[in-house]
Amino acid sequence: MIDSLKELQNAVKLAQQQIELADKSVNLAMEKLIQSTPDDDYKQMEQNIVQIKDLMNKAKQGKNVDQDIKNLSKQYKKWE
Amino acid sequence: MADIRHYRNGILVNPRDFDQAKIIMDWTGKKEAANITINSIKLVGSEGAALRDRILSGLTGGVGFFEGEPYRIEIGELGNSFGFDGYLDFASGVDFIDECEVECQLKREQGTDWINEVADGFSYRYLESIGVITKSDFFGVPYVINYIPDGVQLLLLAISTFQVTRETIDAVKAVANQVADVIDAATLVIGVPPGVDIGNIIQAVLSLIAQVAYTALLIVALVKLIEQIIEELMPPKRYHLGMPIRLLFQRACDHLNLNLSSSLLDSLDTGSNKWVIIPSKGHRGGEKPTGADSSWRETGVPSQQDPINTFGGVIRTFKRLFNADFQIQDGTFIFERKDYFEKTSGYVIPDTFTNQDGLYDVNGFNSDEIKANYNINWAFDQQDLNTLDNQVGRIFQATLSPKVTNNAKLTNLTGLEEVAIPICLAVRKDSLTAVEEVVKALASALDALAGQLGNPQSLSGKINSRIGAMHTSSHFSSIPKMVVMSGSQLQKDQRSIMAASKLWDDYHYINSFKPINGKHNQYWIYREQKIPFCFEDFITILDNNQVETASGEIAEIESLEWDIWDNFATINYRVNRLFDNNFEITYNT
Numbered sequence: 001m002i003d004s005l006k007e008l009q010n011a012v013k014l015a016q017q018q019i020e021l022a023d024k025s026v027n028l029a030m031e032k033l034i035q036s037t038p039d040d041d042y043k044q045m046e047q048n049i050v051q052i053k054d055l056m057n058k059a060k061q062g063k064n065v066d067q068d069i070k071n072l073s074k075q076y077k078k079w080e
Numbered sequence: 001m002a003d004i005r006h007y008r009n010g011i012l013v014n015p016r017d018f019d020q021a022k023i024i025m026d027w028t029g030k031k032e033a034a035n036i037t038i039n040s041i042k043l044v045g046s047e048g049a050a051l052r053d054r055i056l057s058g059l060t061g062g063v064g065f066f067e068g069e070p071y072r073i074e075i076g077e078l079g080n081s082f083g084f085d086g087y088l089d090f091a092s093g094v095d096f097i098d099e100c101e102v103e104c105q106l107k108r109e110q111g112t113d114w115i116n117e118v119a120d121g122f123s124y125r126y127l128e129s130i131g132v133i134t135k136s137d138f139f140g141v142p143y144v145i146n147y148i149p150d151g152v153q154l155l156l157l158a159i160s161t162f163q164v165t166r167e168t169i170d171a172v173k174a175v176a177n178q179v180a181d182v183i184d185a186a187t188l189v190i191g192v193p194p195g196v197d198i199g200n201i202i203q204a205v206l207s208l209i210a211q212v213a214y215t216a217l218l219i220v221a222l223v224k225l226i227e228q229i230i231e232e233l234m235p236p237k238r239y240h241l242g243m244p245i246r247l248l249f250q251r252a253c254d255h256l257n258l259n260l261s262s263s264l265l266d267s268l269d270t271g272s273n274k275w276v277i278i279p280s281k282g283h284r285g286g287e288k289p290t291g292a293d294s295s296w297r298e299t300g301v302p303s304q305q306d307p308i309n310t311f312g313g314v315i316r317t318f319k320r321l322f323n324a325d326f327q328i329q330d331g332t333f334i335f336e337r338k339d340y341f342e343k344t345s346g347y348v349i350p351d352t353f354t355n356q357d358g359l360y361d362v363n364g365f366n367s368d369e370i371k372a373n374y375n376i377n378w379a380f381d382q383q384d385l386n387t388l389d390n391q392v393g394r395i396f397q398a399t400l401s402p403k404v405t406n407n408a409k410l411t412n413l414t415g416l417e418e419v420a421i422p423i424c425l426a427v428r429k430d431s432l433t434a435v436e437e438v439v440k441a442l443a444s445a446l447d448a449l450a451g452q453l454g455n456p457q458s459l460s461g462k463i464n465s466r467i468g469a470m471h472t473s474s475h476f477s478s479i480p481k482m483v484v485m486s487g488s489q490l491q492k493d494q495r496s497i498m499a500a501s502k503l504w505d506d507y508h509y510i511n512s513f514k515p516i517n518g519k520h521n522q523y524w525i526y527r528e529q530k531i532p533f534c535f536e537d538f539i540t541i542l543d544n545n546q547v548e549t550a551s552g553e554i555a556e557i558e559s560l561e562w563d564i565w566d567n568f569a570t571i572n573y574r575v576n577r578l579f580d581n582n583f584e585i586t587y588n589t
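Protein chains in written order, with this note's numbering: chain R, 1 to 80; chain U, 1 to 589.
Next up, the structure:
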């Protein structure tokens, strides 16, 4: 039992590191988005980034984000 | 013969045959106020008839048989007299003789007789029932039960742990992949001009967010699992109610309309050093026992089977534990170490021969009181295996042996004094077990992760708070437990604070025949010495049997029989004077 608990502890630590990496990578991606956005769309992209960050916070709290993701996906079709 | 006046409840009376009465004062075996008995007060005629009516007044709405009648004896001229306040005790025997004569005993008001009879006359449960003791008097002592693994439950938990671990690792991998995708998408594509695919970045980020949401849900499940593990491997902290020792004395004194004065008890009742006694318990902390009705309430007062069930029991138990004694002076109950009362009353024993026919002195020694072995033992509780397992501080033995010996076969240092304390020492939980340490590490990691996910937890706090609680193997106990509290936790080094050896060092060493710190228990004994004695002398030693000899040594009167009419008394007394110093003392714990 003690060994199992230690393994679980290691997994938890890994999860912690990965969530941190996920945070950083999203920030990096958002930076890139801003840099690559044409001036005309800049304002809208800023709003979208705020939405994505809110969604990330919601996801980290374990809330259901499926519908939000679908909505955002549709909204971002124009960027494809 | 002095001028003697008697007053029954303030009314002058004239008892028959008082010239034949003797007053016996007896301090044998105690330092508290003497037993004083005036064996017979006889009232006759109209005074007798009035007293009969008073005794039987319970039949017609009066106080009746079981409340004493105030009685005062004054000696000396009016306006310049001494008084002795007592009461006629009908409960211990009354004779109605013919039509209008009554004979009964006179006892001292709030003297030793009174405390022995009255203090044993009510229990602490009674004091609680009449509201003298309230909920706020109870002290919640935290306790945790030993880790007792349940095999099946452990197996289920191990399987759950394995599954959750796997799921967590998978989730971590998936997050890692998604992170890689996001980074990949955000990397510049070589072209003219170089750029990024915005749509691709957004899709990768959204996928990562979905994976993070899944991982977060997994963490929520993990928190629940850990809570379950804590619950199963570490039964929750509970509380048993007890009462501080000083408060036990205080509430009984409140009930008896006495003030309490005790530097000894005060020293056991400070914020970081509060001695609390937990009565024997027949239920889990915070839960009513099986079969109890809805009127059951959790209590911290001593149980019926405890030796401290009554105030008398409390006095006897703590007198023994702290080598203490008590006195009642002017409505104040004084409880201190025995030698506190060794303050001379100022009375000097007249210099008469103990043998007045031969005109020489005779004395003996208290050599028969020597205790070559002096043991102090706290009890252990069969219900709580921890008290058997942990013996630290439970036992102390002081052994006397001769410093110089010619013939060891002829050595007769004997005697055993057993101070058996009917209370057990509690065990404090000072550290976490190996399992608890692992669970704590896991809980700490989980706390950090949950905090990172915006859902702060304090799982590790739940485990840490177990330190400082009482550690017991059972919710139930068959004898009371003593703990020293520091705030809401058990004091860290409480085994050394309450150790039997500490009781010796602080309270019992004065009983040693070998002088320690200037104190010893060797006495020269003088018996049946006839001395002139008057009522003024009686008043002087009424509350204090510590007197002086004609040569200025401190002496202790053991008993005295005063022939009131003839103004003389026969006394037995002892003088604290060395008669041997060929001792060595060794200590064992």
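Don't be surprised by glycine CBs; every beta carbon is placed ideally from N, CA and C.
From a predicted model like this one, the values you see are computed outputs, not experimental measurements.
Going along chain U in order, which residues have a C-beta closer than 7 Å to the C-beta of Glu7 (chain R)?
On the first sequence, position 7 is the one that residue 7 (chain R) refers to. Ordered by position in chain U, the residues that pass the 7 Å Cβ test against Glu7 (chain R) are Thr165.
Taking the alpha helix (DSSP H) that Val212 (chain U) falls in, what are its first and last residues?
For the purposes of this step, residue 212 (chain U) is taken as the residue at position 212 of the second sequence. Segment Ile198 to Leu233, the alpha helix (DSSP H) holding Val212 (chain U).
Rounded to whole angstroms, what's the CA-CA distance from Ala372 (chain U) to Lys519 (chain U)? Just pull it up for me.
Residue 372 (chain U) sits at position 372 when you count from the first residue of the second sequence. Residue 519 (chain U) sits at position 519 when you count from the first residue of the second sequence. Going from the Cα of Ala372 (chain U) to the Cα of Lys519 (chain U) covers about 16 Å.
Going by DSSP, what residue range makes up the alpha helix (DSSP H) through Lys74 (chain R)?
As a first step, residue 74 (chain R) must be located in the first sequence, where it is residue number 74. First-last of the alpha helix (DSSP H) with Lys74 (chain R): Asp66 to Gln75.
Any beta carbon of chain R sitting closer than 8 Å to that of Leu156 (chain U)?
One-based indexing of the second sequence puts residue 156 (chain U) at position 156. No, Leu156 (chain U) does not count as interfacial toward chain R.
Closest by C-alpha distance to Phe396 (chain U), when choosing among U:Val182, U:Ile421 and U:Ala443:
Working through the second sequence from its first residue, we reach residue 396 (chain U) at position 396. Ranking the options by Cα distance to Phe396 (chain U), first place goes to U:Ile421.
Which residue's Cα is closest to the Cα of Asp430 (chain U): U:Ile278, U:Ala398 and U:Gln489?
In the second sequence, the residue the question calls residue 430 (chain U) occupies position 430. Checking every option, the nearest Cα to that of Asp430 (chain U) belongs to U:Gln489.
Would the beta-carbon of Val205 (chain U) fall within 8 Å of that of Val182 (chain U)?
Within the second sequence, the letter at position 205 stands for residue 205 (chain U). Within the second sequence, the letter at position 182 stands for residue 182 (chain U). In contact: Val205 (chain U) and Val182 (chain U) (Cβ atoms closer than 8 Å).
Using the beta-carbon count (16 or more within 10 Å), is Ile571 (chain U) buried or exposed?
Against the second sequence, residue 571 (chain U) aligns to sequence position 571. The residue in question, Ile571 (chain U), is buried, as its Cβ has 16 or more Cβ neighbours within 10 Å.
Range of the contiguous beta strand (DSSP E) that encloses Met498 (chain U):
Locating residue 498 (chain U) in the second sequence gives position 498, counting from the first residue. That residue, Met498 (chain U), is in no beta strand (DSSP E); it is neither H nor E in DSSP.
Residues, ordered as in the chain, of the segment 432-464 of chain U that lie near chain R by beta-carbon distance below 8 Å
Ala434, Val435, Val438, Val439, Ala441, Leu442, Ala445, Leu446, Ala448, Leu449, Gln452, Leu453, Gly454 and Asn455
For a cutoff of 8 Å on Cβ pairs, would you count Ile209 (chain U) as touching chain R?
Against the second sequence, residue 209 (chain U) aligns to sequence position 209. Taking Cβ atoms only, chain R reaches closer than 8 Å to Ile209 (chain U), which makes this a yes.
On the CB-based measure, 16 or more other CB atoms within 10 Å of its CB, does Leu236 (chain U) come out buried or exposed?
Walking along the second sequence from the start, residue 236 (chain U) turns up at place 236. According to the sequence shown, residue 236 (chain U) is Pro rather than Leu. With fewer than 16 Cβ atoms within 10 Å of its Cβ, Pro236 (chain U) is classed as exposed.
Is the distance from the Cβ of Ala633 (chain U) to the Cβ of Tyr360 (chain U) below 8 Å?
An answer regarding residue 633 (chain U) cannot be provided, because it is not within the stretch 1 to 589 covered by chain U.
Can you look up Ser512 (chain U) in the DSSP assignment and give me helix, strand or coil?
The sequence position of residue 512 (chain U) within the second sequence is 512, counting from 1. The answer is coil: DSSP assigns Ser512 (chain U) none of H, G, I, E or B.
Please classify Trp504 (chain U): does DSSP put it in a helix, a strand, or coil?
Your numbering for residue 504 (chain U) matches position 504 in the second sequence. Correct three-state label for Trp504 (chain U): helix.
Collapsed DSSP secondary structure at Lys107 (chain U) in the structure displayed
The residue you call residue 107 (chain U) lines up with position 107 of the second sequence. Lys107 (chain U) falls in the strand class under three-state DSSP.
Run through chain R and tell me which residues come within less than 7 Å of Ala176 (chain U), C-beta to C-beta.
The residue you call residue 176 (chain U) lines up with position 176 of the second sequence. Result: Gln18.
Is it true that the segment 436-443 of chain U meets the segment 484-498 of chain U, where meeting means three or more beta-carbon pairs spaced less than 8 Å apart?
Contact fails between the segment 436-443 of chain U and the segment 484-498 of chain U, because fewer than three Cβ pairs, one in each stretch, are under 8 Å apart.
Run down chain R in chain order and give the residues with a C-beta less than 8 Å from the C-beta of Val223 (chain U).
Mapped onto the second sequence, residue 223 (chain U) falls at position 223. What Val223 (chain U) touches in chain R: nothing, since even the nearest Cβ is about 10 Å away.
Which listed residue (U:Leu416, U:Arg394, U:Val212 and U:Glu342) has its alpha carbon closest to that of Glu369 (chain U)
As a first step, residue 369 (chain U) must be located in the second sequence, where it is residue number 369. Taking only the C-alpha atoms, the option nearest Glu369 (chain U) is U:Leu416.
Taking the alpha-carbon positions, what's the Asp19 (chain U) to Glu336 (chain U) distance?
Along the second sequence, one-based indexing puts residue 19 (chain U) at 19. Along the second sequence, one-based indexing puts residue 336 (chain U) at 336. Between Asp19 (chain U) and Glu336 (chain U), the C-alpha separation is close to 38 Å.
Are there 16 or more other CB atoms within 10 angstroms of the CB of Trp378 (chain U), so buried, or fewer, so exposed?
The sequence position of residue 378 (chain U) within the second sequence is 378, counting from 1. Counting Cβ neighbours within 10 Å, Trp378 (chain U) comes out buried, since at least 16 surround it.
Touching by the beta-carbon criterion (3+ pairs, under 8 Å), the segment 90-97 of chain U and the segment 130-141 of chain U
no
Looking at the structure shown, is Gly121 (chain U) part of a helix, part of a strand, or coil, going by DSSP?
The sequence position of residue 121 (chain U) within the second sequence is 121, counting from 1. The answer is helix: DSSP assigns Gly121 (chain U) an H, G or I state.
Classify Ala59 (chain R) as buried or exposed, calling it buried when 16 or more other Cβ atoms lie within 10 Å of its own Cβ.
Against the first sequence, residue 59 (chain R) aligns to sequence position 59. By the neighbour-count rule (16 or more Cβ atoms within 10 Å), Ala59 (chain R) is buried.
Hey, does Leu256 (chain U) have any beta-carbon neighbour from chain R nearer than 8 Å?
If you number the second sequence from 1, residue 256 (chain U) lands on position 256. Contact of Leu256 (chain U) with chain R is not assigned, every C-beta pair being separated by 8 Å or more.
DSSP three-state call for Gln529 (chain U): helix, strand or coil?
By 1-based counting over the second sequence, the position of residue 529 (chain U) is 529. Three-state DSSP puts Gln529 (chain U) in a strand.
Is any beta-carbon of chain U found at less than 8 Å from that of Lys13 (chain R)?
Position 13 of the first sequence, counted from the start, is the residue given in the question as residue 13 (chain R). It does: the Cβ of Lys13 (chain R) has a partner Cβ on chain U nearer than 8 Å.
Closer than 7 Å: Tyr239 (chain U) CB and nearest the ligand COA heavy atom
Among the components of this structure there are no ligands whatsoever, and the ligand COA is therefore not found.
Whole-angstrom Cβ separation of Ala158 (chain U) and Ala252 (chain U), contact assumed at under 8 Å?
What you label residue 158 (chain U) is simply residue 158 of the second sequence in a count that begins at 1. What you label residue 252 (chain U) is simply residue 252 of the second sequence in a count that begins at 1. In fact, because the Cβ distance is near 54 Å, the residues do not count as touching under 8 Å.
Quick one: grab the DSSP three-state call for Tyr42 (chain R).
Residue mapping note: residue 42 (chain R) aligns to position 42 of the first sequence, counting from 1. Tyr42 (chain R): helix per DSSP, three-state reduction.
Helix, strand or coil: which one does DSSP assign to Thr168 (chain U)?
Stepping through the second sequence from its first residue, residue 168 (chain U) is reached at position 168. In this structure, Thr168 (chain U) counts as helix in the three-state DSSP scheme.
Cα-Cα separation, Ile525 (chain U) to Asn146 (chain U):
As a working note, residue 525 (chain U) is residue 525 in the second sequence. As a working note, residue 146 (chain U) is residue 146 in the second sequence. Ile525 (chain U) and Asn146 (chain U): Cα-Cα distance of roughly 55 Å.
With H, G and I counted as helix, E and B as strand and the rest as coil, what does DSSP make of Leu33 (chain R)?
Here residue 33 (chain R) is taken as the residue at index 33 of the first sequence, counted from 1. DSSP places Leu33 (chain R) in helix when its eight states are reduced to three.
Check the C-beta distance from Pro244 (chain U) over to Asp269 (chain U) and give it rounded, since I have them as a contact under 8 Å.
Taking the second sequence and counting its residues from 1, one reaches residue 244 (chain U) at position 244. Taking the second sequence and counting its residues from 1, one reaches residue 269 (chain U) at position 269. Right, their Cβ atoms sit about 6 Å apart.
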